[in-house]
Each structure stands twice: as C-alpha cells, then as structure tokens.
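To start, the structure under review is shown below, and the notes come after it.
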Amino acid sequence: MDLLIKCKTRVQQTIKPMLKNLAEPQPNLGIGAGGDPIKRIDLAAEGAIADVLEEQDVSFTLVSEESGIKRYGSNPGENFVTTDPIDGTTNLLRGIPFYATSIAVSTEPTMSTVHTALVEDLVHCTTYTAEKGKGAHRNGCRITSSNTESLKQAVIGIDLNTYKVKEIAPRLTNLIQSVRHIRHLGANALEICHVADGTADAFIDIRGKLRTTDIAAAYLITTETDAEMTTPQGKPLEAELSPTQKIAFIVTANRKIRENIVDLLEG
Ligand code: IPD
Ligand code: CA
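All residue numbers for the sequence shown refer to our numbering, where the first residue is 170 and numbers rise by one.
Now the structure itself:
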C-alpha cells in the first residue's frame, strides 16, 4: 500500500503542470490498448506509476488501459499491476472536476486475486484504499456502504454512455421509472467508490463496454465493505484483468437494494 500511495502521489505531481496546458492542441498519439484515443496526460500518468515501481525494484506485469501489457523486472509474473491511469479523461480535459487514478495489485491477472487497491480522486485528493480481508478506507478511515433499500430514496448511478443505447436503454426502463435520483458523473471507478463509502447507493453499468482495467481497484474497495459488485443478474463476478476484457456489472450497497434492482432489470 505504501508503494501505491507513492504511485498516486507521483501521478498527482506529474499531471499538475499539464493541467494548465489543456487548452493547447493535443498531439495525436494513436489508439490505446483499451480502444480509446490516447491522450498525453493518460500516458504521463501511466509512466508515473511504472516509474515508481521500477525505482523500487519491483518485478511486475503492468496491465494498463493505455500501453496494454508490459513486463518489468526479473520476475514479472510475481505481481500484476492493473491500472487505469486516468479514469474520467473527458472530464479532466473539459475541466469537469471529477476524475481519478486507479491501481490494483493481484497475484494473477484476475479480479478475484486483487489483494491491494487504491483509487485516488485527483480533484479532491481523496484516497480510497483496500487490502483483502482488512476492510476499505477513505483517507485512512474505515468506510461502510449505505443501508438504503428503497429505490425511491436511493441515489443510483447509471452509465448509458455511447454504446448500444437502443439495446441497453429498454432494459433499464423499469428501473429508471422506480428511481428518483439518477446520476452519471463520468468516472466509473470513482462512482463505484461512492457506493462503497455510502455516498451513493448503487451504480449500474450493464453496457458491457467498460474494461476490467477501469474497475479492478474499485472492485476490491467495494467488496471490502457490505457493498457487492455482481453481474446484472446478481451473480458473482469474475473476470480476466486485461485492457481488452469488457464487463457488465451492478454495484449495490446491500443485499436488499441488489434484489430490488435485479428484479427490475430486464435481461
Ligand atoms: C470512462 C469513464 C466513463 C465511462 C466510460 C469510460 P476513461 O473511463 O469511466 O464514466 O462512461 O465508458 O471509458 O475512458 O476516462 O478511462
Ligand atoms: Ca482511462
């Protein structure tokens, strides 16, 4: 965890001067391993994380949304470091104050073996952390998810961004009709952490578009509270950690709200 804190601090230091130049034309750096255009700031954040780990002589396999899979040190199979260096790049580039960095460490490239995780809210400098079996924390204080069960009172994030909307939207109609407070803030890792700490009550992304690199860290932070991350049918979630592995999921603050949501989701 100390190393992950160093990594996120280096990301903060690295991107700080770059935030002043966002209005300047950005170079075309091609398409990242996750399929989206690479931005200079994404690459700089990824480099900051890899640099810290290399300086500390860590052997690891980097699994990143930007550069894909890269091996470092003499025994790269020892640690898998899965990162979305910037989650919410569009928010960052537009000046919408909601974006994060996400780093997860696992023994295998699988979600269930993530044992140490950090998501940093880069705007508010809020640090979400979790170590397997030791609970989840925000700025060092233990967090718990909400016990809200009623959909009328719940605040629920729903991602309907840019993908198969004609297929996905009808599956959500019953749920949307039952919920009074719907949000989408544009950085899914952070929105999942908001369910873990009780700020929101659920987050739903059934598009099957999000990469597992984006949510590996938030997965452990969530599951170290009473919140759950499951398939849209409410079944346990397991997935390969890879920049091309996509996932559909729901994150729910407690069992009862999960059941209420699953009952209303079509398909
Ligand atoms: C994006 C954010 C956004 C979601 C997009 C993701 P990125 O992550 O999480 O909320 O709707 O699908 O791609 O691209 O900024 O890392
Ligand atoms: Ca990203």
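Glycine is no exception: its CB is placed at the ideal position from the N, C-alpha and C atoms.
These numbers were taken from a predicted model, which means no experiment stands behind them.
* **Own chain residues within Cβ distance below 8 Å of M170, not counting five before or after** => T285, L287, T298, E300
* What residue does the beta strand (DSSP E) around E223 start on, and which one ends it? -> Segment 209–224 is the alpha helix (DSSP H) holding E223; no beta strand (DSSP E) there.
* Grab the span of the beta strand (DSSP E) containing V250 for me, first residue to last. => 249–256
* Using the Cα positions of F229 and I351, report the straight-line distance between them to the nearest angstrom. => 39 Å
* Check each candidate in I426, P186, C176, I210 and name the one with the smallest Cα separation from S319. => I426
* Check whether the Cβ of T413 sits closer than 7 Å to any heavy atom of ligand 2, and report yes or no. => no
* **First through last residue of the beta strand (DSSP E) which encompasses I312** => Here I312 belongs to no beta strand (DSSP E), and DSSP marks it neither H nor E.
* How about G257: is its Cβ closer than 7 Å to a heavy atom in ligand 1? -> yes
* **Ordered list of beta strand (DSSP E) runs contained in the region 308–378, each at least 3 residues** => 324–327, 350–352
* Could you check what DSSP says for E435 in three-state terms: helix, strand or coil? => coil
* Asked: Among residues of its own chain, excluding the 5 on either side of V283, which ones have a beta-carbon nearer than 6 Å to its beta-carbon?
  -> A273, S275, A385, L389
* Three or more C-beta pairs closer than 8 Å, one from the region 343–362 and one from the region 255–271: is that the case here? -> yes
* How about A356: is its Cβ closer than 7 Å to a heavy atom in ligand 1? -> yes
* To do: Give the straight-line distance between the Cα atoms of E223 and L406, rounded to the nearest whole angstrom.
  => 32 Å
* Would you mind working out which of A371, N330, K303, E234 sits nearest A213, comparing C-alpha positions? => E234
* Asked: Does ligand 2 have a heavy atom nearer than 7 Å to the CB of E234?
  -> yes
* Asked: Does at least one heavy atom of ligand 1 sit under 7 Å from the Cβ of D290?
  -> no
* Asked: When every heavy atom of ligand 1 is checked, does at least one fall within less than 7 Å of the C-beta of K333?
  -> no
* Cβ-based neighbour list, D395, same chain, cut-off 6 Å, excluding 5 preceding and 5 following -> S314, N423
* To do: Examine ligand 1 and report whether any of its heavy atoms sits within less than 7 Å of the Cβ of K208.
  => no
* Would you kindly report the start and end of the unbroken beta strand (DSSP E) that includes I419? => 415–421
* Alpha-carbon spacing of I373 relative to F418, whole angstroms -> 6 Å
* To do: State yes or no: is the C-beta of L379 nearer than 7 Å to some heavy atom of ligand 1?
  => yes
* To do: Kindly indicate which three-state DSSP category K175 falls into: helix, strand or coil?
  => helix
* To do: Determine the contact status of E393 and A305, defining contact as a CB-CB distance below 8 Å.
  => yes
* **Cβ-based neighbour list, A323, same chain, cut-off 6 Å, excluding 5 preceding and 5 following** => T317, D370
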